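All residue numbers for the sequence shown refer to my numbering, where the first residue is 115 and numbers rise by one.
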Amino acid sequence: MKKNFMKYIDNLILGPILFLTLIISENVLSQTILIDPGHGGKDDGAKAFQSFINKRGGLEKITYFEKDLVLELSKRISKKLKGKNYRVFMTRSFDRTVSLEKRAEIAERVNADLFISIHANASYYKASGGFETYYLNNKSNQAIKKVEEVENKGLEGEDSVVNQILIDLVVNRTVVSSRALASSIHGKLKGFLGSSLKMKDRGIKPGLFFVLALSKRPGVLLEMGFMSNPKELRKISSSTFQERYSEAVVAGIEKYFSKTKKNLSSL
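Set out below in structure tokens:
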């Protein structure tokens, strides 16, 4: 009798715990995020120089490459997401060449729920500055097309023609969720960067980026700031900025998933 009673108590206590664990596992661990540090290997991305006076009074120059800055930031984002029990992958974790098609293949292989591509901006005008967020859409204006040209350079081979034909189909399927993701992340970036680091908010914009289209899932392309702006380069290359930016991206992703769950529960 006592043995059966204790078994009943165990079931009474452990049952809800196991049920809650199952819910938490499904809600958090099932979410897979692919972080895509732009460029890499032979593709340096944007390049900028920073001069300073060393301790001996001599002039020294540091060369910054976009591929390095975005890799460092991507690692921080990845680490923070893993700390929150998401499944996280990166298209590259060191300096290597990865084609746009290969990045999309990785998204398919890991069955990513979200695709987050990290980049840094550049302009002929040194005064240009600020952060901006792009989501996949084929209704972009002429100014945005300049950014598209830069970020779409890695598309190779005869498959590019076929890929462009398929773009419209992918856009129609992911545009709503990609725009929602962009809104959630950019809202957090605005709060984290606009007030404390006083960076210009360049807004959320639609763009036809092949790396997003080929990934076939909700995704955004983040331009963290302008390397061509000397003041902004100092900011975005600092650990303070990288920490704040990565925190904002993670908070935005969590907000997106939270909204998605609420929408599903209301159906």
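We put the CB at the ideal spot given by N, CA and C, even for glycine. The model shown is predicted, which means the values in this text are computed figures rather than measured ones.
Q: Taking only the alpha-carbon atoms, compute the straight-line gap between Ser207 and Ser309 and give it to the nearest angstrom.
A: If you take the alpha carbons of Ser207 and Ser309, they lie about 31 Å apart.
Q: Go to Ser165, then tell me how far its beta strand (DSSP E) extends in each direction, as first and last residue.
A: 161-167
Q. Does the distance from the CB of Leu183 to the CB of Ala234 come in under 8 Å?
A. Going by C-beta atoms, Leu183 is nearer than 8 Å to Ala234.
Q. Nearest to Leu336 by CA position, among Arg170, Ser352, Pro151, Ser192, is which residue?
A. Pro151
Q | Closest Cα partner of Ala241 within the set Tyr370, Ser297, Pro344 | A | Pro344
Q: Specify whether the region 318-335 and the region 221-235 touch according to this definition: at least 3 beta carbon pairs, one from each stretch, less than 8 Å apart.
A: yes
**Q.** Option in Gly154, Ile176, Thr354, Ala160 with minimal Cα separation from Ile167
**A.** Ile176
Q: Measure the alpha-carbon distance for Glu368 versus Leu173 and round it to whole angstroms.
A: 45 Å
Q.
So, with DSSP's three-state summary, where would you put Lys156?
A. coil
Q) Three or more C-beta pairs closer than 8 Å, one from the region 292-311 and one from the region 195-207: is that the case here? A) no
(Q) I need the straight-line Cα distance from Gly271 to Lys156, nearest angstrom please. (A) Note that Gly271 scores a pLDDT of 49, beneath 50, so its modelled location is shaky; the value from the coordinates is reported in the next line. Each residue's Cα considered, the two are about 17 Å apart.
Q) When the Cα atoms are used, what is the spatial distance from Ala221 to Lys169? A) 47 Å
Q: Using DSSP bridges, identify the partner residues of Glu337.
A: His233, Glu246
(Q) Buried or exposed, going by whether 16 or more other CB atoms sit within 10 Å of the CB of Tyr249? (A) Per the 10 Å Cβ criterion, buried.
Q: Would you mind reading off the limits of the alpha helix (DSSP H) that contains Pro332?
A: Taken as a continuous stretch (DSSP letters only), Pro332 belongs to no alpha helix (DSSP H), as it is neither H nor E.
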